[in-house]
Every structure is written in C-alpha cells, then in structure tokens.
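Numbering (the working numbering), first residue to last: 1 to 326. First up is the structure itself, then whatever we jot down about it.
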C-alpha cells in the first residue's frame, strides 16, 4: 500500500512539474527524460562488465533510422520510432561479432572506433543521410486529443508527457529484465565469468544480448529526440555527449537501477540551472571532469551510496524504536 501511494504521488508530481517551468526549462525537461532512457539502457550493458563508447552513436542510429522510415517510406511516426530501436539493436548484433572478440579496455577502444566509423558514413553519404548537414524536416509526432486535452507535440509540455510515458514503460521493461534470470546471468557474466562459462553459459551470447537490448532502447530514445527536434546531424551524437553519459553513470553509480538516473538528473540540474544561470556554461566540460575525478576519489560508489546509507540508517532507527517500544 505504501509503495502504491509513493508511486501515485510521484506520478502526480511528474504531471505537475512542467507547468511551473519556463519554456526553455520545459524543453530541457524533455531532453532530460530522453537522457534518462539513454543512461539507463547504458547501465544494462555495464552489467556484463563492458563499457562502450559507441552508445550515443547507437542512439543516433535509431534517430537516423526513425527519421528515414517516416520521411522516405511514409511510416507512421510511433511505428518508425520502434523500427528505429529495432534497427539499432540489429546493428549492435552485427557489431558484436568483431567487438566481443575483445574485452575491457580493448572493447572500449574498439567501440569508439566503430562509433566514429558510423559517424563518418553519415558525413560521407548525402543520400540518404544528408552528409554533414544531416537530415532536416523530420516528420513530427502526429497530434491527437484525449477528452478536452489536445496534445500538440510542437510544444514541450505535450512532448514531455509523451516521452515520459514511453520512457516509463521502457524503464519498467529494463527493470524487469534486470531482475529476470537473464539479468542475473548478466551479473554472473561480469562477476563470475569463469564459473558461468563452466556452468554452460555462453558468455559471448549473453554479452551480445545485453548489447542489443541496451542499443534497442537507446535507439528508441534517439527516435524520440529526432521527431521532437526535427533535424539531426552527425555532430548531434559525438563523443562529447558520450562523455556526459559516462559521467552520469559514474557519478550516479551503476550498482543500482536508479544510480545512473540520479546522476543524470543531478548533473542536468547543475548544468542547466546553476551553470547556465551563473554564466559558467562554457566551463561545463571542465566542471564535469572535476566532478568525475572527485566522485572517483571520494565517492567511488556514486551518489547511490549516499541514498543507500540514508535509507539503511532510517531502517536501523526504525528497528531500534520498535524494539524500545516492545
């Protein structure tokens, strides 16, 4: 009952949130919602012990694919977003053949090289990718009405509600996957790979599966972004954004499902509200770098460790009070 009340209160807060913000802050909220899906899908890959530098480019694959499906083939936008996610997942499977011959640092560098090759292909071929200028005039999400409320997806509040709904469903699926036998096997592949292999687990197959699932959800996030912005180009998915994703994951922590989400929210608020308002936005890479270094040195388990400490302390006090009452 308590959990249901918390969920309902959180839902009400999320519904009311955009109405107290300016137009630019509402747009930031849309991108924050999409970035939450991006970093959460990235965490699924890290469960197997591999960290990729191509995840943002994979998101771009979903964005490009969804834009082309809707613009060139006339596919309905919601379907094109799903197809974009499927295309990103399929590409991840193809990339897994060379990449998963490597592990650790070599996989990291190999994924970076693969991502840069994809970006170079986008720049090289004007047909169909638009070359360096990318794709413009991407089909918008079609408007619709529910009762007296009209959803106009050119304005950020309506698109926030749509993206929040899609991201919530995706997060629920990711959460269920992590707690399924498949998710437990992902953990085993990371922490007990020799034992898992001796038990008959195909390590490469499970790493490929995690890579494909994570890429599929990143591709959906890319599709959501493309149909909101209306234009994409290779620089929309460069290594700078990938560094931010890594920072969100490291600062938030990857030991829990909510850790990367916490890092994404806290650092986005820091950047968009604090740094921008104070005029330090140009120093964002420097400040992000300092935050990452300080987090690694003094908070190696991320912000999630603070939450875990506070909740454990709260439970401990509750038990002590209950014992005292008895």
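Glycine included, every Cβ here is placed at the ideal spot set by N, Cα and C.
Worksheet entry | Selection from 241, 39, 292, 192 that minimises the alpha carbon distance to residue 354 | With the chain covering 1 to 326 only, the question about residue 354 has no answer from this structure.
Worksheet item: Considering only residues of the segment 79-163, which uninterrupted beta strand (DSSP E) runs meet the minimum length of 3 residues and lie entirely inside it, listed in chain order?
Response: 144-146, 149-151
Discussion item. Quick check on the DSSP output: the alpha helix (DSSP H) that includes residue 221 runs from which residue to which?
Written reply: 203-229
Item to complete: Tell me, please, whether the segment 240-250 touches the segment 71-88 by the rule of three or more beta-carbon pairs shorter than 8 angstroms.
Response: no
Worksheet item: Are the CB atoms of residue 327 and residue 188 nearer to each other than 8 angstroms?
Response: Past the boundaries of the shown model lies residue 327; the chain is included only from 1 to 326, so the question cannot be answered.
Discussion item. Within 10 Å of its beta-carbon, does residue 64 have 16 or more other beta-carbons around it, so buried, or fewer, so exposed?
Written reply: buried
Fill in: Range covered by the alpha helix (DSSP H) that runs through residue 259
259-269
Practice prompt. Use the C-beta contact count for residue 277: other C-beta atoms within 10 angstroms, 16 or more gives buried, fewer gives exposed.
Written response: Label assigned to residue 277: exposed.
Worksheet item: Distance, Cα to Cα, residue 310 vs residue 265?
Response: 19 angstroms
Worksheet item: What's the gap between the Cα of residue 232 and the Cα of residue 112?
Response: 20 angstroms
Worksheet item: What does residue 232 pair with, by DSSP beta-bridge criteria?
Response: Partner(s): 135.
Fill in: Inter-residue spacing [alpha-carbon to alpha-carbon] between residue 123 and residue 134
8 angstroms
Worksheet item: For residue 254 versus residue 267, is the C-beta spacing smaller than 8 angstroms?
Response: No, Cβ-Cβ distance for residue 254 and residue 267 is not below 8 angstroms.
Worksheet item: When the Cα atoms are used, what is the spatial distance from residue 144 to residue 158?
Response: 10 angstroms
Discussion item. Just verifying my parser: in three-state terms, what is the DSSP assignment at residue 193?
Written reply: helix
Worksheet item: Going by the beta-carbon positions, is the gap between residue 10 and residue 226 smaller than 8 angstroms?
Response: no
Worksheet item: What are the start and end residues of the alpha helix (DSSP H) that includes residue 298?
Response: 284-298
Worksheet item: Terminal residues of the continuous alpha helix (DSSP H) containing residue 27?
Response: 23-46
Item to complete: Determine the closest residue to residue 256 out of 34, 210, 43, with distance taken between C-alpha atoms.
Response: 43
Worksheet item: How long is the line joining the alpha carbons of residue 60 and residue 234, rounded to whole angstroms?
Response: 8 angstroms
Worksheet item: Can you tell me whether residue 222 is buried or exposed, with buried defined as 16 or more other CB within 10 angstroms of its CB?
Response: buried
Worksheet item: Distance, Cα to Cα, residue 36 vs residue 260?
Response: 8 angstroms
Practice prompt. Return helix, strand or coil for residue 301, following the three-state DSSP convention.
Written response: coil
Worksheet item: Do you know how far the Cα of residue 19 is from the Cα of residue 152?
Response: 15 angstroms
Item to complete: Would you identify the three-state DSSP class for residue 179, choosing helix, strand or coil?
Response: coil
Discussion item. I'd like the list of long-range same chain contacts for residue 306, defined as Cβ closer than 8 angstroms, with 5 residues on each side in sequence excluded.
Written reply: Closer than 8 angstroms at the Cβ level, and outside the excluded window around residue 306, lie 299.
Fill in: Nearest to residue 90 (by Cα), restricted to the options 17, 219, 270, 6
219
Worksheet item: Among residues of its own chain, excluding the 5 on either side of residue 129, which ones have a beta-carbon nearer than 6 angstroms to its beta-carbon?
Response: 122
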